[in-house]
Every structure is written in structure tokens, then in C-alpha cells.
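Student:
Residue numbers (the working numbering): 29 to 102.
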């Protein structure tokens with residue numbers, strides 16, 4: 029993020045995740061956890077900043093993962 033001119037977020041954040049093309053038996057909480065772990069220290073300082081999490085999965089679609097991160101202002 030910093031390499032592309034965007035500093036890590038330091039405020040509370042909302043994360044929206046979409047997993048396309050996943051198997052129906054994959055646990056959505058495990059998919060979400062792997063994304064949060066990957067973003068931790070890169071997009072935001074710590075995953076404790078996540079105050080809202082929305083995750084959706086769909087099988088039978090083109091495999092893809094979409095992640096939207098939004099600052100939550102008081």
C-alpha cells in the first residue's frame with residue numbers, strides 16, 4: 029500500500045469480502061480469516077481495527093476474491 033502511495037489505515041475499518049467460485053463446503057469464516065491475516069500490517073496496522081465484516085461466497089461462478097476496505101469515521 030505504501031509503495032503505491034497509500035499509507036496503512038490507522039482508523040477503524042469496514043471490510044466487505046466476496047468469494048466467487050468456491051466450493052460449497054468451504055467455511056466462509058476460514059476464507060475471511062485468511063484475507064484478514066493477509067491484509068494485516070499491509071492495508072491496516074492491525075486486524076483489531078476491523079469493526080464491521082461482511083462476507084459472501086458463491087459457488088458456480090468464476091473464481092475470484094473481491095475485497096473492499098472502507099474507513100469508519102466516528
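Beta carbons are placed, not taken as given, at the ideal position from N, Cα and C, and that holds for glycine.
#1: Let me check understanding here. Comparing Cα to Cα, which of 87, 83, 88, 90 lies closest to residue 42?
#2: Does DSSP put residue 43 in a helix, a strand or coil?
#3: Span of the beta strand (DSSP E) holding residue 85?
#4: Around the Cβ of residue 54, are there at least 16 other Cβ atoms within 10 angstroms (buried) or fewer (exposed)?
#5: Which of helix, strand or coil does DSSP assign to residue 71?
#6: My guess is that residue 45 and residue 99 are in contact by the Cβ rule of under 8 Å, so how many angstroms apart are they, rounded?
#7: Terminal residues of the continuous beta strand (DSSP E) containing residue 93?
Tutor: On the basis of the data shown:
#1: 83
#2: strand
#3: 78-86
#4: exposed
#5: coil
#6: So it is not a contact: roughly 17 Å between Cβ atoms.
#7: 92-99
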